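Some notes on the structure that comes next.
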Amino acid sequence: MTYTTILTETRRRVGIVQLNRPQAMNAFNLAMLGEVFDALEVFDKDENVGAIIVTGNEKAFAAGADIKEMADQTYVQMLANEHVKVWDRIRGIRKPVIAAVSGWALGGGSEFVLSCDMVVASESAKFGQPEITIGIIPGAGGTQRLARLVGKHLAMEMVINNRTLTAQEAQQFGLVNRIVPVEGYLDAAVAFAEEIASRAPIAVRMAKDAVNAAFETTLTEGLAVEKRNFYPLFATEDQKEGMQAFIEKRKPNWKGK
Ligand code: CAA
0 MTYTTILTET RRRVGIVQLN RPQAMNAFNL AMLGEVFDAL EVFDKDENVG
50 AIIVTGNEKA FAAGADIKEM ADQTYVQMLA NEHVKVWDRI RGIRKPVIAA
100 VSGWALGGGS EFVLSCDMVV ASESAKFGQP EITIGIIPGA GGTQRLARLV
150 GKHLAMEMVI NNRTLTAQEA QQFGLVNRIV PVEGYLDAAV AFAEEIASRA
200 PIAVRMAKDA VNAAFETTLT EGLAVEKRNF YPLFATEDQK EGMQAFIEKR
250 KPNWKGK
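Here numbering that gives the first Met the number 0 is used: the first residue of the sequence shown is 0, the next is one more, and so on.
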C-alpha cells in the first residue's frame, strides 16, 4: 500500500508510523485512519519488528478526528462508515505499541494515545478531550479509557469542561511512562522501544495480552488469563534459553520460538 498521510520506517527492530498531515495538526481523516492501521498490521506481522512507535511531529501528535471531514456528516453516515470503530483496531495489534507524543494530543488523538500500550511524552505534550467545545463527546474510547486511567472526577472535568493535562500532569496520573526533552523526543522513544523490542517476543505478546485483560475482566478472570498465558511459555525455546542464560551468567539469545 502506498501511503499519502503517514510515513513509515524501521530502525533496527522498531517500526515507526509517523502521522503526516501537518497542515491539519495531524487530524485523523478516514484516509489517515485506514493507513495507520494498515501500517500497524504490517509491522505486527513483520518478524523483524519487536515494537511499534506511533508519532506525529513536535507541534502535534494529533488534534483529533478531522472536524472538517465530519462537519456535514449525518447520524446515518457516521453510523454507516463506522467512523470511530477504526480506533478499536489498535486492540488487535499483538506487539507493544508506544505513542511518542509531542505537542497536542486532543480528542481522537488523545484517544489513540490511550489505546497504546506505553507513552513517551515530550515536555511540550498536552492531552485533552475538547469534543464538548464542538458539541459532541469523545467517541473513540475517551470516556471509558480516561476514566479507568485517571479516575472519575478528573475524567469528568476533562470530558465535560475541556481540562487539558500537561506532560507532567499526565505522568502524575499514569497516562505517560516517561517525559523527555522536545528536541530528540523521537530518538528517546526509539531507544525505549528498542529495549522492549530486544525482549523475548512470545513472552512480550503474552504479557501484553495479560495486562490488557486487567482492564476488561474481573480479578478472577484476569488471573485465569494470566495462568493461560504463563504455562504455555514453558513450551517455548526462549524460556529454556532465558533460564539457561541466567544460570550460565550470560545474555540470552532470543529466537521468538
Ligand atoms: N480537524 C480538522 N482540522 C484541524 C483540526 C481538526 N481536529 N485541528 C486543527 N486543524 C487545522 C485547523 O483548522 C487549521 O487549518 P487552517 O490553517 O486551514 O485553518 C490548522 O489545522 C492549524 O490549526 P490552528 O490554526 O487551529 O492551530 P493552533 O496552534 O492555533 O491551535 C489546536 C491548535 C489547539 C490543536 C486547535 O487547532 C484545535 O483546537 N483543534 C481542534 C481540536 C479538537 O476539537 N479535537 C477534537 C476533534 S473531534 C474528535 O476527535 C472526536 C472523537 O472522539 C473521535
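From the three backbone atoms N, C-alpha and C, an ideal C-beta is built for every residue, glycine too.
Quick caveat: nothing in here was measured; it's all calculated off a predicted structure.
Taking a C-beta distance under 7 Å as the contact criterion, P95 and K256 do not qualify as a contact pair. Looking at the DSSP output, V83 sits in no beta bridge, so it has no partner there.
For L39, the CB contacts under 8 Å within the same chain, skipping 5 residues up- and downstream, are V16, I51, V53, R88, I89, I92, V96 in chain order. Between ligand 1 and W103, a heavy atom-to-CB distance of less than 6 Å is present. Boundaries of the alpha helix (DSSP H) harbouring K67: 66 to 69, taken from the DSSP string. When Cβ pairs closer than 8 Å are counted between the two stretches, the stretch 98 to 108 is seen not to touch the stretch 149 to 156, the count staying below three. Secondary structure at F172: coil, using DSSP grouped into helix, strand and coil. In this chain, the alpha helix (DSSP H) harbouring L113 covers 107 to 114. Restricted to the stretch 145 to 215, the beta strand (DSSP E) segments that are unbroken, complete and at least 3 residues in length are 177 to 179, listed in chain order. At a threshold of 6 Å, I66 counts as near ligand 1, since its beta carbon sits closer than that to one of the ligand's heavy atoms. S123 has no beta-bridge partner at all, per DSSP. Within the chosen limit of 6 Å, ligand 1 does not reach the beta carbon of A70 with any heavy atom. Each residue's CA atom was taken as its position, placing Q243 and M77 some 55 Å apart. Assigned with DSSP and collapsed to three states, G14 falls in strand. By DSSP's assignment, W103 forms a beta bridge with A59, K125. G63 counts as buried, since no fewer than 16 other beta carbons sit within 10 angstroms of its beta carbon. The continuous beta strand (DSSP E) containing T54 extends over residues 50 to 54. For ligand 1, a non-hydrogen atom lies closer than 6 Å to the CB of V83. Using a cutoff of 6 Å, the CB of M24 counts as near ligand 1, since one of the ligand's heavy atoms is closer than that. Taking the CA atoms as reference points, Y2 sits about 39 Å from A234.
Here the alpha carbon of N19 sits roughly 47 Å from the alpha carbon of E247.
Contact check for A196 and V13: beta-carbon distance about 6 Å, within the 8 Å limit, so the pair qualifies. For I246, the three-state secondary structure derived from DSSP is helix.
Here the distance from the Cβ of G33 to the nearest heavy atom of ligand 1 is not below 6 Å. Spatial neighbours of V48 in its own chain (CB-CB distance under 8 Å, excluding positions within 5 residues in sequence) are listed in chain order as T9, R12, V13, G14, F42, K94, A196. The beta carbon of A120 lies closer than 6 Å to those of V100, A166, V175, I178 in the same chain, with the five residues before and after it left out. E34 is the residue among S114, T219, T163, E34 whose C-alpha sits nearest the C-alpha of L6.
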